[in-house]
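Numbering (our numbering), first residue to last: 1 to 203.
Ideal placement from N, C-alpha and C gives every residue a C-beta, glycine not left out.
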Ligand code: GLN
């Protein structure tokens with residue numbers, strides 16, 4: 001692909017390699033991101049699953065928190081999976097603020113219960129696709145509330161598990177752990193749609 005977008009994967013902790021593989025399989029170029037200077041080179045960024053408190057600490061140490069916030073304000077598209085969703089949420093139960101505060105949702109960490117810390121389930125797409133999608137949940141966060149400008153793309157047990165707002169996409173589950181590329185492809189489409197705006201603002 002001559003115009004293949006470069007997708008950064010925040011590579012501080014968590015399921016980095018799996019996202020790298022998925023992005024490569026979609027025909028885009030993955031770039032592992034560890035330093036703030038690398039953000040400016042990206043067309044999109046993935047914040048992977050892992051341990052949100054660990055990732056948050058490492059992000060702040062590397063000066064990445066402020067850099068990512070600024071890039072997001074300037075139009076960078078960002079996809080957060082699981083811990084990534086927690087870091088992107090505006091609010092964390094109870095009343096704690098999210099680190100990046102990019103998407104208008106309230107998330108509760110580890111809310112799917114201890115005896116079902118990891119499970120697979122079919123989720124229902126509200127708009128993205130009509131096919132059956134098997135999602136892998138690992139100590140997943142629950143989205144308890146969503147703002148009016150957030151679109152729910154898929155749900156499980158009546159709760160949203162895949163959502164988007166402006167150029168931000170978040171999932172409670174791990175699309176990088178299944179072979180289905182639909183959700184990564186959707187993120188790449190969001191980037192394509194968002195391109196004009198990013199070019200203007202980010203040069
Ligand atoms: N429970 C983890 C957290 O709170 C997220 C789990 C995951 O990313 N798979 O950060």
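So, under 8 Å CB-CB, residue 29 and residue 7 are touching, yes? Tell me the CB distance rounded to an integer number of Å.
Correct: roughly 7 Å between the Cβ atoms.
In this structure, what does DSSP give as the bridge partners for residue 137?
Note: residue 137 sits in a beta bridge opposite 119.
With contact counted as at least three CB pairs below 8 Å, one residue from each stretch, are the segment 138 to 158 and the segment 81 to 97 in contact?
Touching, yes, given that three or more Cβ pairs across the two stretches are closer than 8 Å.
Quick check on this structure: which residue in 59, 112, 120, 111 has the alpha carbon closest to the alpha carbon of residue 88?
When each option's Cα is compared against that of residue 88, the closest is 59.
Is the beta carbon of residue 120 within less than 6 Å of some heavy atom of the ligand GLN?
Checking the Cβ of residue 120 against the ligand GLN gives no.
Identify whether residue 44 lies in helix, strand or coil by the three-state DSSP scheme.
Strand at residue 44.
Can you pull the DSSP bridge partners for residue 77?
Its beta-bridge partners are 44.
For residue 110, which residues from the same chain have a beta carbon less than 6 Å from its beta carbon, with the 5 sequence-adjacent residues on both sides left out?
If we look at residue 110 and ignore the five residues flanking it on each side, its Cβ neighbours are 139.
For residue 97, name the three-state secondary structure that DSSP assigns.
Three-state result, residue 97: strand.
By how many angstroms is the C-alpha of residue 20 removed from the C-alpha of residue 31?
Each residue's alpha carbon lies about 8 Å from the other.
Within the structure, which residues are defined as neighbours of the ligand GLN by a Cβ-heavy atom distance below 6 Å, reported in chain order?
With the cut-off at 6 Å, the residues found are 49, 50, 51, 52, 82, 83, 86, 109, 110, 138, 139.
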